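So the structure is just underneath, and the comments pick up after that.
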Amino acid sequence: MYKKILLASTIATILFAGCSSKQYFTPQQTTSLSTSNMGDKLINYSRDGATLASGTILTRHHAKKIELDKGFYFINNNRNAAITADLQGNCHIVTQRGTVASAKFPQALVAGTLIGQYLVYVLQNNNYGIYDFKENRIVYNNEAEKAYAIDRRVANPIRIDKLVVIPTLDGKLVILDLTTRKISKEIFVSTEKSLNNIIFLGTLNNALIAATPHKMISLSSKGKKEYNKEIAEVVIDGGNLFVFQKDGKIAKLDELLSIISEKKFKFAHFSTATVDDRKVYGLEKQGYLIVANRNLSKYRVYNASEVEGFTFVSGDKIYYYNGEIIDLSKLSYQ
65 MYKKILLAST IATILFAGCS SKQYFTPQQT TSLSTSNMGD KLINYSRDGA
115 TLASGTILTR HHAKKIELDK GFYFINNNRN AAITADLQGN CHIVTQRGTV
165 ASAKFPQALV AGTLIGQYLV YVLQNNNYGI YDFKENRIVY NNEAEKAYAI
215 DRRVANPIRI DKLVVIPTLD GKLVILDLTT RKISKEIFVS TEKSLNNIIF
265 LGTLNNALIA ATPHKMISLS SKGKKEYNKE IAEVVIDGGN LFVFQKDGKI
315 AKLDELLSII SEKKFKFAHF STATVDDRKV YGLEKQGYLI VANRNLSKYR
365 VYNASEVEGF TFVSGDKIYY YNGEIIDLSK LSYQ
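Take the sequence shown: its letter number 86 is residue 150 in this note's numbering, and every next letter is one higher.
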């Protein structure tokens, strides 16, 4: 009996120590802020957009009212149309006139980019390829290794001249020639077994930047550079790259991933982040909003609502899943 009690006591001590050892961001000084509510709710979000219960979509730049069919959510958009999809593999291309094209895939669409008559896609089973809307069929398809757990912020493919860079769910970049439909190169960003999909893909000063939650790389004429940090968010703005790390650090980098400036906010866990021409914003999961200058030498911490679901940045506003809105244009780092 004594041994059983001792074992139970030991287990309880270990569990308690594990829980109590979790540490939190505790700023010394905070400022209050006011919020508003849009009277709507976020029901789905991805790398480049969010879907509201009313059918309105949030892109990275603004809110847009389009007619979404029941069960469909936003994937990506260009100037003229939005890519929407449901969980059964149906895809609709939607404009202000309504649905103008549709496609059916064997699995749900998780990422896609419109390039002329083509949709370059990634499916839930990590198949990727090209759908031709003029021929109404898949004209190219390939299979990547299955990924069983992914970050919801799946990056969309991007076009570079005659090539398209396809980010797969297992941490790989597939560079595909659109004309010949042949793979010119495959590059692994990271090789972790879980949550290893590409969450960011973009270009900066002729360098290709890609990140998973575990690592970031830069590809350019100067070779491949690596940034081996656990990553919460990545933002490119005004010729610079801003990385919000899982250890609470915000770093400003150049296209070769060299550090220009950085600031550590100990134990901060970033939910979402953005950058404008003057300021850097990082929303911490406990509800602290960090606003800094672009050199990260000055900052102010605001009291906001705790992040219990998910958040999304559109234009100069942060949207909470329950409809609460923070107007970033009213905030300062001084």
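Ideal placement from N, C-alpha and C gives every residue a C-beta, glycine not left out.
On a predicted model such as this, the values are computed, not experimentally measured, just so you know.
Specify, as a first and last residue, the run of the beta strand (DSSP E) that ALA275 falls within.
271-276
Rounded straight-line distance, which links the Cα of ASN141 to that of PRO221:
When rounded, the distance between both Cα atoms is 12 Å.
Under DSSP, the beta strand (DSSP E) around TYR363 begins and ends at which residues?
Annotation for TYR363: the continuous beta strand (DSSP E) segment containing it runs 363-367.
Alpha-carbon spacing of ALA356 relative to GLU348, whole angstroms
13 Å
Alpha carbon to alpha carbon, what distance is there between ASP104 and ARG217?
21 Å
Tell me which residue opens and which closes the beta strand (DSSP E) that ALA114 is part of.
113-116
Close beta carbons around ALA175, own chain, < 6 Å, minus the five adjacent residues each side
Sequence-distant partners of ALA175 (beyond 5 residues in either direction) whose C-beta falls short of 6 Å from its own C-beta, in its chain, are VAL186, VAL218, ASN220.
On the three-state DSSP scale, how would you describe LEU353?
LEU353: strand per DSSP, three-state reduction.
Go ahead and pull the three-state DSSP assignment for LEU265.
strand
For LEU183, which option in ARG358, GLU207, ILE157 has the closest C-alpha, if you only look at C-alpha atoms?
ILE157
Exposed unless 16 or more other CB atoms sit within 10 angstroms - verdict on ALA167:
buried
List the DSSP bridge partners of SER284.
GLY287
SER335 in three-state terms, based on DSSP:
strand
Would you list the residues sitting across from ASN191 in a DSSP beta bridge?
GLU207
For GLN181, which residues from the same chain have a beta carbon less than 8 Å from its beta carbon, with the 5 sequence-adjacent residues on both sides left out?
ASP196, PHE197, LYS198
In the DSSP assignment, find the unbroken beta strand (DSSP E) run with ALA315 in it and report its ends.
Its beta strand (DSSP E) spans residues 313-317.
Continuous beta strand (DSSP E) stretch holding ARG358: start and end
Premise fails: ARG358 is in no beta strand (DSSP E) and is neither H nor E.
Quick one, which of PHE331, LYS288, LEU320, GLY302 has its alpha-carbon nearest PHE308's?
Of PHE331, LYS288, LEU320, GLY302, the residue nearest in Cα terms is PHE331.
Assign LEU151 to one of two classes, buried (16 or more other C-beta atoms within 10 Å of its C-beta) or exposed (fewer than that).
exposed
Proximity winner among LYS394, TYR384, GLU370, LEU395, relative to LEU116 (alpha-carbon distances):
Checked all of LYS394, TYR384, GLU370, LEU395; the closest Cα to LEU116 is TYR384.
Using 8 Å as the Cβ pair cut-off and three pairs as the minimum, do the stretch 387-396 and the stretch 122-137 touch?
With a cut-off of 8 Å on Cβ pairs, the stretch 387-396 is not in contact with the stretch 122-137, counting fewer than three such pairs.
LEU178, DSSP secondary structure in three states
strand
Using DSSP with H/G/I as helix, E/B as strand and the rest coil, what is SER166?
In the structure shown, the three-state DSSP call for SER166 is strand.
Any heavy atom of the ligand NAP closer than 8 Å to the CB of THR336?
With respect to small molecules bound, the structure shown includes none, and the ligand NAP cannot be examined in it.
Could you check the C-alpha separation between ALA145 and GLY287 for me, to the nearest Å?
36 Å
Please name the residue or residues paired with HIS156 in a DSSP beta bridge.
THR148, SER166
Which of the three DSSP states is assigned to SER378 in this structure?
strand
Can you name the start and end residues of the beta strand (DSSP E) that TYR345 belongs to?
Element bounds for TYR345: 343-348.
Between PHE252 and GLN93, what straight-line distance do the alpha-carbon atoms span, to the nearest angstrom?
42 Å
LEU132 and PHE374: beta carbons closer than 9 Å?
no
Given a cut-off of 9 Å on the beta-carbon distance, is the pair LEU240 and VAL229 in contact?
yes
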